[in-house]
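K.L.:
Residue 1 is where the sequence shown starts when you use full-length UniProt numbering, and the numbers rise one by one after that.
Each residue gets a CB set at the ideal place from its N, CA and C atoms; glycine is no exception.
This is the structure, below, for whatever I ask next.
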Amino acid sequence: MGLRARLAIATYGTVTFVFAAQFIYPQLPWQWPYYYPCYTDIDGMPCRIVRKIPIDNLVQYGIVLATSTLLLPLLVWWVLVPVRRMLPTISQVGPQNLGHRIRPGRGRDEIKQLGRALDTMMNGIAAGYEGQRKFAANASHELRTPLALQRTLIEVGMAEPLTPEQSALLASQLLETNARNERLIEGLLVLSQADQGLAIRTPQRLDIIAAAVIDAHTAPGITVKSELHPYVVPGDGVLLERLVRNLVHNATKYNHPGGAVIVSVGAALTVENTGPVVAAEDVTRLFEPFTRLSTDRIDHSGGSGLGLAIARSIVQAHDGTITAVPRDGGGLRVTVRLPRSP
1 MGLRARLAIA TYGTVTFVFA AQFIYPQLPW QWPYYYPCYT DIDGMPCRIV RKIPIDNLVQ
61 YGIVLATSTL LLPLLVWWVL VPVRRMLPTI SQVGPQNLGH RIRPGRGRDE IKQLGRALDT
121 MMNGIAAGYE GQRKFAANAS HELRTPLALQ RTLIEVGMAE PLTPEQSALL ASQLLETNAR
181 NERLIEGLLV LSQADQGLAI RTPQRLDIIA AAVIDAHTAP GITVKSELHP YVVPGDGVLL
241 ERLVRNLVHN ATKYNHPGGA VIVSVGAALT VENTGPVVAA EDVTRLFEPF TRLSTDRIDH
301 SGGSGLGLAI ARSIVQAHDG TITAVPRDGG GLRVTVRLPR SP
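See the structure below:
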């Protein structure tokens, strides 16, 4: 029985009890003395008896009130039985048993709707927890691989004397691996900062930020074109600069010699590039951390696999949307829409 039906039954029962008491009480074999108040003069004599409350029989009222006070807690307990039935399942939910569900079944009453809403909430929590677990596992792998490489290079250097050329090669490899670790850790920090949201928002010229990123970006063999119009958004300038930089960097990195990158700012920020053909079903995966089309792990391009994941988090922190669609002939078109400043 649903909560609405139980409340209706409890209400009808209480009202019926009160009305029935009005008829049953006069039939009792004993009666307490009572009087009626007068409101007008009687035979020219002033009315001296005045009642302050519109109740004719205080004893009857007291009995009905006392009985109702005893019955109402029982009615409330009975009405809330379906809610109490859900408490054991809800209390068992935790990091180790996120699979618990209420599963109320079909129905339109409030209890079943509440049960389905709680199941939906727990599905979201489980998905988020699984995403965090996968993210931690991937981050650990991404950090462990270059650290293992560093250790191997150091052990090789310590095993036997090296020539100056070998020492220089070993040092350069160590520096390259260390630089990759720094980029990965920096990416993780930016991703964490973006996921926390923005504490302060100030008007930012997205077209000026994009122009500065394009001027500072160098990509041998890649032509970068731009079409920039004023676009003012409320947000954080550092994060917006990182957003544009990541998109432009990805567009040049996953390109082919002699390719092009087109950056436009107007109704939205759009970055598109030439390059390899991207399957439509693979586009969504690109925004997941540590995901690449060629492999799920470290490639040889020096990237951390966090570029588009950071871009998505920055866009979400600015209450915007980011979408990507494959271009005809190869490449990708990424569109970012952010709320404009009033």
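Taking just the CA atoms, how far does L118 sit from E155?
P.N.:
Rounded to the nearest angstrom, the two C-alpha atoms are 54 Å apart.
K.L.:
State the Cα-Cα distance for the pair R180 and P146, rounded to the nearest angstrom.
P.N.:
Computed Cα separation, rounded: 8 Å.
K.L.:
Per DSSP, A260 is paired with what?
P.N.:
DSSP lists T223 as partners of A260.
K.L.:
Enumerated in chain order, which unbroken segments of the beta strand (DSSP E) with a length of 3 residues or greater are wholly contained in the segment 172-205?
P.N.:
DSSP runs (the beta strand (DSSP E)) wholly in the segment 172-205: 202-205.
K.L.:
What is the DSSP secondary structure of R333, reduced to helix, strand or coil?
P.N.:
Strand.
K.L.:
I need the straight-line Cα distance from H217 to A267, nearest angstrom please.
P.N.:
Computed Cα separation, rounded: 23 Å.
K.L.:
How far does the beta strand (DSSP E) with I322 in it extend, from its first residue to its last?
P.N.:
First-last of the beta strand (DSSP E) with I322: 321-326.
K.L.:
Would F290 be called buried (16 or more neighbouring beta carbons within 10 Å of its own) or exposed?
P.N.:
Buried, by the Cβ-count rule.
K.L.:
For P234, which beta-bridge partners are listed by DSSP?
P.N.:
Answer by DSSP bridge pairing, in chain order: P203.
K.L.:
Indicate the three-state DSSP secondary structure (helix, strand or coil) for T163 in the structure shown.
P.N.:
Three-state DSSP puts T163 in coil, outside helix and strand.
K.L.:
Which whole-angstrom value is the C-beta distance of L175 and Q204, which I expect to be below 8 Å?
P.N.:
About 35 Å separates the two Cβ atoms, so there is no contact after all.
K.L.:
Check N273 in the structure and name its three-state DSSP category.
P.N.:
Strand, per DSSP.
K.L.:
Between A210 and V244, which are expected to be in contact by the criterion C-beta below 8 Å, what is the C-beta distance as a whole number of angstroms?
P.N.:
Correct: roughly 5 Å between the Cβ atoms.
K.L.:
Indicate the three-state DSSP secondary structure (helix, strand or coil) for V93 in the structure shown.
P.N.:
In this structure, V93 counts as coil in the three-state DSSP scheme.
K.L.:
By the three-class DSSP mapping on this structure, what secondary structure does L228 have?
P.N.:
Three-state DSSP puts L228 in a strand.
K.L.:
Look at the Cβ atom of I262, then the Cβ atom of T270, and state whether they are nearer than 9 Å.
P.N.:
It is a contact, given that the beta carbons lie within the stated cut-off.
K.L.:
To the nearest angstrom, report how far apart L74 and R106 are at their CA atoms.
P.N.:
Roughly 28 Å separates the two Cα atoms.
K.L.:
In whole angstroms, what separates the C-alpha of V190 from that of G235?
P.N.:
Cα to Cα, the separation comes out at about 15 Å.
K.L.:
Assess contact between the segment 275-291 and the segment 308-319, defined as three or more Cβ pairs (one per stretch) separated by less than 8 Å. Is contact present?
P.N.:
Yes, since at least three Cβ pairs between the segment 275-291 and the segment 308-319 fall closer than 8 Å, the two stretches touch.
K.L.:
Around the Cβ of E281, are there at least 16 other Cβ atoms within 10 angstroms (buried) or fewer (exposed)?
P.N.:
Exposed.
K.L.:
Given that a residue counts as buried once 16 or more other Cβ atoms are within 10 Å of its Cβ, and exposed if not, what is G331?
P.N.:
Flag for G331 reads buried.
K.L.:
Measure the C-alpha to C-alpha separation of L188 and P164 and round it to an integer number of angstroms.
P.N.:
C-alpha separation (whole angstroms): 36 Å.
K.L.:
First and last residue of the alpha helix (DSSP H) that includes I314?
P.N.:
Taken as a continuous stretch (DSSP letters only), the alpha helix (DSSP H) holding I314 covers 307-317.
K.L.:
Leaving out five residues on either side along the sequence, give the residues of the same chain with a beta carbon under 6 Å from the beta carbon of N246.
P.N.:
Excluding sequence neighbours, N246 sits near G307, I310, A311.
K.L.:
Give me, in chain order, the residues of the same chain whose beta-carbon lies closer than 6 Å to that of Q173; leave out the 5 immediate sequence neighbours on both sides.
P.N.:
Excluding positions up to five away in sequence, the list reads L153.
K.L.:
Going by the DSSP bridge assignment, what does V265 pair with across the sheet?
P.N.:
Answer by DSSP bridge pairing, in chain order: L228, L269.
K.L.:
Where does I63 sit, in a helix, a strand or coil, going by DSSP?
P.N.:
Of the three classes helix, strand and coil, the one that applies to I63 here is helix, per DSSP.
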